[in-house]
Amino acid sequence: MRSRPDASPDFAAARTRMVEDQLMARGIRDPRVLQAFANVPRHRFVEEGLWPKAYGDHALPIGHGQTISQPYMVALMSEALALDGSEKVLEIGTGSGYQAAILAELADRVFTVERMGALATGAKAILDGLGYQNVILRVADGSIGWKEFAPFDRIIVTAGAPDVPRSLLDQLRANGLFVILIGDRSSQRLIRVYREPGGDRVEEICLCAFVPLVGREGWADAERYPGGET
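All residue numbers for the sequence shown refer to the working numbering, where the first residue is 37 and numbers rise by one.
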C-alpha cells in the first residue's frame, strides 16, 4: 500500500515547487520519481518546528548527528536505481524514513536497516502512520546487509563508506544495481555498480558528502566524525 498525498494546500504547493525548482530544473526526469516526491509529505519526517523548512533545498537535522538529505540528492539516488515497481530493494541507513518512503512509492518491497534504535523507532512510526505496508525495517549493522532476504534487485546505501561492502555486493542479484557513496569521512563519490555477467561495472555520478557508514564493513570509529550531508 502506498501513502495518500498530503492534503494540506500549503504543503502540497511547497512540494510542487520543490519538484519543479529543485528536481526537474536540475535534470531529474523519471516521471515516477517526480510523482513520488509530489506524493510523500517530507515535512512529516522532521520535527514540527522544522516543517516550514522541510521543502527547502538543503539537508535538515533529525538528531543523533544524522540528517534528512537534500531533496535533490534523494531524487538523484532514487532515479539512479532505475526502478519500475517490481523490485525488492535493500536500503542501508533508514534515518528519518524519508528515502524509504520514496522507495516504497517506486518499488514492490523495501527492506531498510538502521543501526540507531531511536531513529528506527521514529521512522517506523511515521511510515506506519502514512500507511506504507511494503516497508520492512530492522535495527542492525547495515554494512553487512540483510542476508535472510537476499538476493535483492537493488541496493542503496545512504551513508559514505570507505569501499563497497563485500557482504552487500554478495546480496545483489545478477543484473542488479547498487547505489552507494565511496570515499573518506569528509567527501565521497556517488557511484552506481552494475552487476553484469562479465564482471561488475562502476559508473560515477557525482561528488558529495554524507554521514559515514558505521559498521563491520564501514567506518568502525565514525561516531567521532559525525559529518553531515551536502
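Where is the CB? At the ideal position from N, CA and C, for every residue including glycine.
Checklist entry - To the nearest angstrom, how far is it from the Cα of Ala-116 to the Cα of Leu-217? => result Within the sequence shown, the letter at position 80 stands for residue 116. Within the sequence shown, the letter at position 181 stands for residue 217. Approximately 12 Å, taken between the alpha carbons.
Checklist entry - For the candidate residues Gln-135, Leu-226, Arg-68, Arg-190, whose alpha-carbon lies nearest to that of Ala-197? => result Numbered from 1 along the sequence shown, position 161 holds the residue referred to as residue 197. When Gln-135, Leu-226, Arg-68, Arg-190 are compared, the shortest CA-CA separation from Ala-197 is found for Leu-226.
Checklist entry - Ordered along the chain, which non-local residues of its own chain (more than five positions away) have a Cβ less than 7 Å from that of Ser-122? => result Locating residue 122 in the sequence shown gives position 86, where the first residue counts as 1. Answer for Ser-122: Asp-144, listed in chain order.
Item to check | Residues bridged to Lys-124 [DSSP beta-bridge criterion] | outcome: Along the sequence shown, read from residue 1 onward, the residue named residue 124 stands at position 88. According to DSSP, residue pairing for Lys-124 in a beta bridge involves Arg-145.
Checklist entry - On the three-pair Cβ rule with 8 Å, is the stretch 61-78 touching the stretch 201-217? => result No: fewer than three Cβ pairs fall under 8 Å.
Checklist entry - Under the rule that 16 or more other beta-carbon atoms within 10 Å means buried, what is Pro-107, buried or exposed? => result Within the sequence shown, the letter at position 71 stands for residue 107. So Pro-107 counts as buried.
Checklist entry - Is it buried or exposed for Lys-160, if we count other Cβ within 10 angstroms and need 16 for buried? => result Start at 1 with the first residue of the sequence shown, and residue 160 comes out as number 124. By the Cβ-count criterion, Lys-160 is buried, with 16 or more other Cβ atoms from all chains shown falling within 10 Å of its own Cβ.
Checklist entry - How far does the alpha helix (DSSP H) with Tyr-168 in it reach, from first residue to last? => result For the purposes of this step, residue 168 is taken as residue 132 along the sequence shown, with counting starting at 1. Counting along the chain, Tyr-168 falls outside any alpha helix (DSSP H), and DSSP gives it neither H nor E.
Checklist entry - With contact counted as at least three CB pairs below 8 Å, one residue from each stretch, are the stretch 237-257 and the stretch 163-182 in contact? => result Cβ pair count under 8 Å is three or more, so yes.
Checklist entry - Would you call the CB atoms of Val-82 and Leu-96 closer than 7 Å? => result For the purposes of this step, residue 82 is identified with residue 46 of the sequence shown, where counting begins at 1. For the purposes of this step, residue 96 is identified with residue 60 of the sequence shown, where counting begins at 1. Yes. Within cutoff.
Next on the checklist: Please list the terminal residues of the continuous beta strand (DSSP E) segment that includes Glu-240.
Outcome noted: Position 204 of the sequence shown, counting from 1, holds the residue named residue 240. The continuous beta strand (DSSP E) containing Glu-240 extends over residues 235-244.
Next on the checklist: Assuming the contact rule is C-beta atoms closer than 8 Å, Val-200 and Val-229 should be a hit. Round their C-beta distance to whole Å, please.
Outcome noted: Taking the first residue of the sequence shown as position 1, residue 200 is located at position 164. Taking the first residue of the sequence shown as position 1, residue 229 is located at position 193. The C-beta separation of Val-200 from Val-229 comes to about 6 Å, placing the pair in contact by the 8 Å criterion.
Checklist entry - Does DSSP put Arg-53 in a helix, in a strand, or in coil? => result As a working note, residue 53 is residue 17 in the sequence shown. Of the three classes helix, strand and coil, the one that applies to Arg-53 here is helix, per DSSP.
Next on the checklist: With a threshold of 7 Å on Cβ separation, who are the neighbours of Gly-219 within its own chain once the five nearest residues in sequence on each side are excluded?
Outcome noted: Working through the sequence shown from its first residue, we reach residue 219 at position 183. The residues Gly-196, Arg-225, in chain order, have a CB closer than 7 Å to that of Gly-219 in the same chain once the five nearest residues on each side in sequence are set aside.
Checklist entry - Mind pulling the beta strand (DSSP E) runs of 3 or more residues that sit fully within the stretch 70-112? => result For secondary structure counted as the beta strand (DSSP E) over 3 or more consecutive residues, the stretch 70-112 holds these complete runs in sequence order: 96-99, 102-104.
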